[in-house]
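Note sheet for the following structure.
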Amino acid sequence: MIPTNRPRRNRKNQVIRDLVQETRLTAHDFIYPLFLIEGQNQRLEVKSMPGIYRHSADRVIDEVGAAVALGIHTFAPFPSISDALKDPLARESANLDGLYLRAVADIKRQFPDVVLMTDVAMDPYSSDGHDGVVNQETGEILNDASLEILGQMALAQARAGADIIGPSDMMDGRVAWIRDVLDSNAFQHVSIMSYTAKYASAFYGPFRDALDSAPKKGDKKSYQMNPANRREALRELALDELEGADMVMIKPALSYLDIIREVKDHTTLPVTAYNVSGEYAMIKAAAQNGWVDGEKTMMEVLLSIKRAGADAILTYFAKEAAEVLRRG
Ligand code: PBG
Numbered sequence: 001m002i003p004t005n006r007p008r009r010n011r012k013n014q015v016i017r018d019l020v021q022e023t024r025l026t027a028h029d030f031i032y033p034l035f036l037i038e039g040q041n042q043r044l045e046v047k048s049m050p051g052i053y054r055h056s057a058d059r060v061i062d063e064v065g066a067a068v069a070l071g072i073h074t075f076a077p078f079p080s081i082s083d084a085l086k087d088p089l090a091r092e093s094a095n096l097d098g099l100y101l102r103a104v105a106d107i108k109r110q111f112p113d114v115v116l117m118t119d120v121a122m123d124p125y126s127s128d129g130h131d132g133v134v135n136q137e138t139g140e141i142l143n144d145a146s147l148e149i150l151g152q153m154a155l156a157q158a159r160a161g162a163d164i165i166g167p168s169d170m171m172d173g174r175v176a177w178i179r180d181v182l183d184s185n186a187f188q189h190v191s192i193m194s195y196t197a198k199y200a201s202a203f204y205g206p207f208r209d210a211l212d213s214a215p216k217k218g219d220k221k222s223y224q225m226n227p228a229n230r231r232e233a234l235r236e237l238a239l240d241e242l243e244g245a246d247m248v249m250i251k252p253a254l255s256y257l258d259i260i261r262e263v264k265d266h267t268t269l270p271v272t273a274y275n276v277s278g279e280y281a282m283i284k285a286a287a288q289n290g291w292v293d294g295e296k297t298m299m300e301v302l303l304s305i306k307r308a309g310a311d312a313i314l315t316y317f318a319k320e321a322a323e324v325l326r327r328g
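Residue numbers (UniProt numbering): 1 to 328.
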């Protein structure tokens, strides 16, 4: 039997392959995370994330400039706060004179056209290392007491100039709560990108090293989702839509490509995926050992996340991938 249907005809040379290519990456797809630390003229590499640095506020400006030159225009800053400033109620998180919000305001001043997505969760500022308030007797994470704090955090971020608020805490009702706080303070124009389906994942390890934000006791399973669950992501999606989210996010990305697709098929909102620290570290480690081609693996992974349904990708690879795309 000689085949009549020959899919290989559409792969026979590079021009035809390019012609029929279904998914393409561009630098516009990327959101670049930035780690901030106190001090001046600091640029410290995160041990478990080769090529990723914690920057002092003065130096982060150079990093933003370098990324902008590569066509990246959206950034997600995260703060690494000294233990002395942490407390059970994450009070430092609403401090407009603190490291984080000063840096946010400064980046916006120097680069008025970049879009900043700020992170709303208590963990970088919490002496307990949890995203919400901890009942000191029982260890329970208190949902409604956390909302109050998260709302104030979001409001301070809007005041500092954030374009998008990114609640990554997974408390119930926080999108509606934050929307209400923003709207009643004349921040109707500030968007909310909800971490809709954020799983209790082992892939966050290097991030917690970078920010020194690991939980002091217990785990995050009473608020982050069970990796076994798919339908639950759709329930979170329905609630986030109802509560007024402008964009939704799936996190992590690679072990959750099915969730990205599922969510994409059930919403008209833009879908973002967070290609998290452990996913970055795995590829870097294998590449450093010569076990995989780091550059090709990176591009394949990012393309796959987009193919799965992500409109945008929060990734530590942003700069490196933008360089590859620029080279063509
Ligand atoms: C916490 C937060 C985490 C990440 C982003 N925001 C870690 C966690 O939930 O413990 C992880 C991102 C990454 O691993 O790259 N609010």
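The beta carbon of each residue, even a glycine, is placed where N, CA and C say it ideally should be. Quick caveat: nothing in here was measured; it's all calculated off a predicted structure.
Q: Provide the residue(s) that pair with Asn275 in DSSP beta bridges, ordered along the chain.
A: As a first step, residue 275 must be located in the sequence shown, where it is residue number 275. DSSP output for Asn275 lists Thr315 as bridge partner(s).
Q: Kindly indicate which residue of Gly166, Gly328 and Leu269 has the alpha-carbon position closest to the one of Ala310.
A: For the purposes of this step, residue 310 is taken as residue 310 along the sequence shown, with counting starting at 1. Measuring from the Cα of Ala310, the nearest candidate turns out to be Leu269.
Q: Alpha carbon to alpha carbon, how far is Glu232 from Ser201? Give it in angstroms, no decimals.
A: As a working note, residue 201 is residue 201 in the sequence shown. As a working note, residue 232 is residue 232 in the sequence shown. Approximately 16 Å, taken between the alpha carbons.
Q: Mind reading off the beta-carbon distance from Gly51 to Lys284? Whole number of angstroms is fine, and I expect it under 8 Å.
A: The count along the sequence shown starts at 1 and reaches residue 51 at position 51. The count along the sequence shown starts at 1 and reaches residue 284 at position 284. Gly51 to Lys284, Cβ: 7 Å. Contact.
Q | Exposure label - His189; buried when at least 16 CB within 10 Å | A | To locate residue 189, count along the sequence shown from 1; it is residue 189. That one is exposed.
Q: Report the rounded CA-to-CA distance for Ala121 versus Ala154, giving the unit in angstroms.
A: Working through the sequence shown from its first residue, we reach residue 121 at position 121. Working through the sequence shown from its first residue, we reach residue 154 at position 154. So the alpha carbons of these two residues sit roughly 9 Å apart.
Q: Pull up the distance between the alpha-carbon of Ile260 and that of Arg102, whole angstroms please.
A: Translated into the one-based positions of the sequence shown, residue 260 becomes position 260. Translated into the one-based positions of the sequence shown, residue 102 becomes position 102. Rounded to the nearest angstrom, the two C-alpha atoms are 34 Å apart.
**Q.** 8 Å CB neighbourhood of Asp113 in its chain, flanking five on each side removed
**A.** In the sequence shown, counting from the first residue as 1, residue 113 sits at position 113. Closer than 8 Å at the Cβ level, and outside the excluded window around Asp113, lie His73.
Q | Proximity test, Ala121 beta-carbon vs the ligand PBG heavy atom, cut-off 7 Å | A | Against the sequence shown, residue 121 aligns to sequence position 121. Checking the Cβ of Ala121 against the ligand PBG gives yes.
Q) Are Asp106 and Ala57 touching if we call contact CB-CB under 8 Å? A) To locate residue 106, count along the sequence shown from 1; it is residue 106. To locate residue 57, count along the sequence shown from 1; it is residue 57. Yes, Cβ-Cβ distance for Asp106 and Ala57 is below 8 Å.
Q.
Quick check: is any heavy atom of the ligand PBG less than 7 Å from the C-beta of Val276?
A. Sequence index remark: in the sequence shown, residue 276 carries index 276 (1-based). Yes.
**Q.** Continuous beta strand (DSSP E) assignments of at least 3 residues falling wholly in the stretch 146 to 219
**A.** 164 to 167 and 191 to 198
Q. Can the beta-carbon of Ser146 be found less than 8 Å from the beta-carbon of Phe207?
A. Mapped onto the sequence shown, residue 146 falls at position 146. Mapped onto the sequence shown, residue 207 falls at position 207. No, these two residues do not count as a Cβ contact at 8 Å.
Q) Within 7 Å: the Cβ of Asp212 and any heavy atom of the ligand PBG? A) One-based indexing of the sequence shown puts residue 212 at position 212. Result no, Cβ not under 7 Å from the ligand PBG.
Q.
Need the endpoints of the alpha helix (DSSP H) that Arg261 sits in, please.
A. Residue 261 sits at position 261 when you count from the first residue of the sequence shown. Its alpha helix (DSSP H) spans residues Leu257 to Asp265.
Q. According to DSSP, is His55 helix, strand or coil?
A. Reading the sequence shown from its first residue, position 55 is the one you call residue 55. Three-state DSSP puts His55 in a strand.
Q: May I have the straight-line CA-CA distance separating Arg91 from Arg11, to the nearest angstrom?
A: If you number the sequence shown from 1, residue 91 lands on position 91. If you number the sequence shown from 1, residue 11 lands on position 11. Spanning the two alpha carbons is a distance of roughly 58 Å.
Q: Classify His130 as buried or exposed, calling it buried when 16 or more other Cβ atoms lie within 10 Å of its own Cβ.
A: In the sequence shown, residue 130 corresponds to position 130, counting from 1. Counting Cβ neighbours within 10 Å, His130 comes out buried, since at least 16 surround it.
Q) What residue from Leu242, Glu241, Val60 and Lys216 has the CA that sits closest to Asp128's CA? A) Looking up residue 128 in the sequence shown gives position 128. It is Lys216.
(Q) Are there any heavy atoms of the ligand PBG lying less than 7 Å away from the beta-carbon of Asp209, as far as the coordinates show? (A) As a position in the sequence shown, residue 209 is number 209, starting the count at 1. Checking every heavy atom of the ligand PBG against the Cβ of Asp209, none is found closer than 7 Å.
Q: Determine the burial state of Met1: buried for a count of at least 16 other Cβ atoms within 10 Å of its Cβ, exposed for fewer.
A: Residue mapping note: residue 1 aligns to position 1 of the sequence shown, counting from 1. With fewer than 16 other Cβ atoms inside 10 Å of its own Cβ, Met1 counts as exposed.
Q.
If contacts are defined as beta-carbon pairs under 8 Å, then Ile81 and Tyr125 qualify, I think. What distance do you get, rounded to the angstrom?
A. Mapped onto the sequence shown, residue 81 falls at position 81. Mapped onto the sequence shown, residue 125 falls at position 125. About 6 Å; that satisfies the 8 Å criterion.
(Q) Quick check: is any heavy atom of the ligand GTP less than 7 Å from the C-beta of Ser146? (A) The ligand GTP is not part of this structure, which contains only the ligand PBG.
Q.
Please identify the residue among Glu300, Thr138 and Leu36 whose C-alpha is closest to the C-alpha of Asn275.
A. Here residue 275 corresponds to residue number 275 of the sequence shown, with the count starting at 1. Among Glu300, Thr138 and Leu36, the Cα nearest to that of Asn275 is on Glu300.
Q: Return the chain-ordered list of same chain residues with a C-beta closer than 8 Å to the C-beta of Leu99, the five sequence neighbours on each side being excluded.
A: Start at 1 with the first residue of the sequence shown, and residue 99 comes out as number 99. Cβ neighbours of Leu99 beyond the five flanking positions: Leu36, Ile37, Glu38, Ala57, Pro79 and Ile81.
(Q) Using a Cβ-Cβ cutoff of less than 6 Å, which residues in the same chain neighbour Ala318 once the five nearest sequence positions on both sides are dropped? (A) Position 318 of the sequence shown holds residue 318. Answer for Ala318: Phe30, Tyr32 and Ile72, listed in chain order.
Q) Which residues does DSSP pair with Leu34 in a beta bridge? A) Against the sequence shown, residue 34 aligns to sequence position 34. Leu34 pairs with Pro77.
Q.
Given 7 Å as the limit, tell me if Ser35 has its C-beta closer than that to any heavy atom belonging to the ligand PBG.
A. Here residue 35 refers to the residue found at position 35 when the sequence shown is read from its first residue. In the sequence on display, residue 35 carries Phe and not Ser. Checking every heavy atom of the ligand PBG against the Cβ of Phe35, none is found closer than 7 Å.
Q.
One question on the structure: do Met117 and Ile164 come within less than 8 Å of each other, judged by their Cβ atoms?
A. On the sequence shown, residue 117 is found 117 positions in, with the first residue counted as 1. On the sequence shown, residue 164 is found 164 positions in, with the first residue counted as 1. Yes, these two residues count as a Cβ contact at 8 Å.
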